[in-house]
Amino acid sequence: MERDEDRDKETDGERRRETKRKTERDRGRQRDAERDKDRDKERCRETERDEERDGERDEEKDRERQREIVGEKQRDGERQRETKRERGRQSQRETERERGRQRETERDR
Numbered sequence: 001m002e003r004d005e006d007r008d009k010e011t012d013g014e015r016r017r018e019t020k021r022k023t024e025r026d027r028g029r030q031r032d033a034e035r036d037k038d039r040d041k042e043r044c045r046e047t048e049r050d051e052e053r054d055g056e057r058d059e060e061k062d063r064e065r066q067r068e069i070v071g072e073k074q075r076d077g078e079r080q081r082e083t084k085r086e087r088g089r090q091s092q093r094e095t096e097r098e099r100g101r102q103r104e105t106e107r108d109r
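Using UniProt numbering, read the sequence shown as starting at 1 and increasing by one per residue.
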């Protein structure tokens, strides 16, 4: 009978130790899962920050392109105005020359 009791105690002790090992294993797995979950969250946050920075960079590039386009249009407009002024001056010179020729022709008569 003592042997049966000793065996029962031994079996109970083994069961408790096995239960304790399983519990520790489960806790370890849970910690690992939580750590992995935290890492995934941090990766997601990093990805979001990267995407936000990329978006900001793209927006800045777009604004810079727009400024360049506006600047080009302004320069083109100024060139056109200058060309128009130069044509006007040239036309004025030709008109003056023609008047001068007419005066000379009238004098010669």
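Using N, Cα and C, we set each Cβ at its ideal position, and we do this for glycine too.
What are the uninterrupted segments assigned as alpha helix (DSSP H) that are 4 or more residues long and contained completely in the UniProt region "Disordered" (1-109), given in chain order? 2-108
Just the C-alpha distance for R63 and Q74, rounded to the nearest angstrom, thanks. As a position in the sequence shown, residue 63 is number 63, starting the count at 1. As a position in the sequence shown, residue 74 is number 74, starting the count at 1. Spanning the two alpha carbons is a distance of roughly 16 angstroms.
Would you tell me roughly how many angstroms separate the C-alpha atoms of G100 and R87, rounded to the nearest one? Numbered from its first residue, the sequence shown carries residue 100 at position 100. Numbered from its first residue, the sequence shown carries residue 87 at position 87. C-alpha separation (whole angstroms): 20 angstroms.
Just the C-alpha distance for R53 and C44, rounded to the nearest angstrom, thanks. To locate residue 53, count along the sequence shown from 1; it is residue 53. To locate residue 44, count along the sequence shown from 1; it is residue 44. If I take the Cα positions, the gap works out to 14 angstroms.
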